[in-house]
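What follows is a short report on a single structure.
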Amino acid sequence: MLSKRIIPCLDVRNGRLTKGIKFKGNVDIGDPVESARIYYEEGADEIVFYDITASHEERKIFLDVVNEVASKIFIPFSVGGGINTLEDMRAVLLAGAEKVSVNSGAVKNPDVISQGAAAFGAQCVVLGMDVKQVEKSEQIPSGYEIVVHGGRKYTGLDAVEWAKTGEALGAGEICLNSIDADGTKDGYELNLTRLIVESVSIPVIASGGAGNPQHMADALTKGKATAALIASIVHYGEYTIPQIKKEIAAQGVKMRMVW
Numbered sequence: 001m002l003s004k005r006i007i008p009c010l011d012v013r014n015g016r017l018t019k020g021i022k023f024k025g026n027v028d029i030g031d032p033v034e035s036a037r038i039y040y041e042e043g044a045d046e047i048v049f050y051d052i053t054a055s056h057e058e059r060k061i062f063l064d065v066v067n068e069v070a071s072k073i074f075i076p077f078s079v080g081g082g083i084n085t086l087e088d089m090r091a092v093l094l095a096g097a098e099k100v101s102v103n104s105g106a107v108k109n110p111d112v113i114s115q116g117a118a119a120f121g122a123q124c125v126v127l128g129m130d131v132k133q134v135e136k137s138e139q140i141p142s143g144y145e146i147v148v149h150g151g152r153k154y155t156g157l158d159a160v161e162w163a164k165t166g167e168a169l170g171a172g173e174i175c176l177n178s179i180d181a182d183g184t185k186d187g188y189e190l191n192l193t194r195l196i197v198e199s200v201s202i203p204v205i206a207s208g209g210a211g212n213p214q215h216m217a218d219a220l221t222k223g224k225a226t227a228a229l230i231a232s233i234v235h236y237g238e239y240t241i242p243q244i245k246k247e248i249a250a251q252g253v254k255m256r257m258v259w
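Be aware that the sequence shown starts at 1, since it is given in the UniProt record's numbering, and climbs by one per residue.
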């Protein structure tokens with residue numbers, strides 16, 4: 001069995017680490033470069049960095065911050081936000097990222113997924129999915145809709161169908177974020193997570209709602225995710241990554257415990 005991954009998420013706005021609830025009310029909580037270094041030293045399996053307003057503000061990602069973070073950590077590093085073209089992907093990879101997460105840009109131009117996979121390999125391309133629960137309909141049969149531009153714009157895309165499309169186009173991984181659970185610390189949206197995992201054959205990272213290690217264990221077992229994204233509980237010092245891994249491993253979930 002492959003080890004499950006614990007992945008701290010750095011949401012960055014104007015070059016600063018930020019956190020909100022359900023994509024609203026974001027507050028400044030520190031320096032993303034220093035936080036990345038700490039999480040790396042504590043044993044994070046990967047770091048995810050999102051420039052959360054780049055798409056909405058229609059600007060490029062802050063590559064200087066990406067470069068600074070990349071210089072401090074020596075684990076896989078995934079970067080997203082305002083990435084719309086193959087050239088955007090290349091710039092992020094050259095700044096030190098191992099993976100590029102495409103979200104709003106992929107909805108606008110799905111070909112960017114296949115272009116990125118062809119140029120850099122599927123392992124480099126992560127399909128970011130921000131999802132909101134809605135009424136089931138003919139257009140949204142799963143009851144989960146893709147929302148872009150930082151939770152501001154509904155797309156009319158069914159989350160399950162979009163996940164399948166992303167995989168078919170060449171995405172090597174999905175990072176699945178429930179807007180309804182984001183920042184609440186009430187637990188991941190397990191029904192959504194399991195639904196997406198069972199619809200594709202590529203790894204799925206569960207995101208949104210982690211409040212304690214049990215929530216992560218549930219996402220990795222009941223939700224069938226291959227990794228759990230975390231933010232608030234480590235940003236605010238409620239848990240360290242070694243504490244989280246020990247509690248999850250105690251339930252029989254295989255974790256990388258040596259670093």
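Ideal Cβ positions, reconstructed from N, Cα and C, are used throughout, including at glycine.
| Item | Value |
| --- | --- |
| With R5 as the anchor, note down where its beta strand (DSSP E) starts and where it stops. | 5-13 |
| May I ask which residues mark the beginning and end of the beta strand (DSSP E) holding G82? | From DSSP, G82 is part of no beta strand (DSSP E); its letter is neither H nor E. |
| Could you tell me which residues DSSP pairs with F49 in its beta bridges? | L10, V79 |
| Quick one: any contact between the stretch 109-127 and the stretch 162-175, if contact means 3 or more CB pairs under 8 Å? | yes |
| Return helix, strand or coil for T221, following the three-state DSSP convention. | helix |
| Starting from G209, follow the alpha helix (DSSP H) in both directions and report where the run begins and ends. | Run containing G209: none; DSSP gives neither H nor E here. |
| Measuring CB to CB, does L192 end up less than 9 Å from A159? | yes |
| Measuring straight from C-alpha to C-alpha, what distance separates S201 and E167? | 8 Å |
| When DSSP labels each residue in this structure, what does V253 get in the three-state scheme? | coil |
| Would you kindly work out how many angstroms separate the C-alpha atoms of P203 and F77, rounded to a whole number? | 16 Å |
| What's the gap between the Cα of G121 and the Cα of S114? | 9 Å |
| Measure the alpha-carbon distance for P32 versus L169 and round it to whole angstroms. | 32 Å |
| Give a yes or no on whether the C-beta atoms belonging to G81 and Y39 are separated by under 9 Å. | no |
| So, at 8 Å on beta carbons, what are the nonlocal neighbours of D111 in its own chain, with the 5 sequence-adjacent residues on each side left out? | L169 |
| For P8, count the other beta carbons within 10 Å of its own beta carbon; 16 or more makes it buried, fewer makes it exposed. Which is it? | buried |
| Is it buried or exposed for V188, if we count other Cβ within 10 angstroms and need 16 for buried? | For the record, residue 188 in the displayed sequence is Tyr; it is not Val. Result: buried. |
| Could you check the C-alpha separation between L17 and L10 for me, to the nearest Å? | 6 Å |
| State the Cα-Cα distance for the pair Q251 and S3, rounded to the nearest angstrom. | 13 Å |
| Taking only the alpha-carbon atoms, compute the straight-line gap between A95 and D45 and give it to the nearest angstrom. | 20 Å |
| Starting from the C-beta of V69, find all residues in its chain whose C-beta is less than 8 Å away, skip the five residues before and the five after it, and write them out in chain order. | L10, P32, V33, A36, I47, F49, F77, G96 |
| Using DSSP with H/G/I as helix, E/B as strand and the rest coil, what is K108? | helix |
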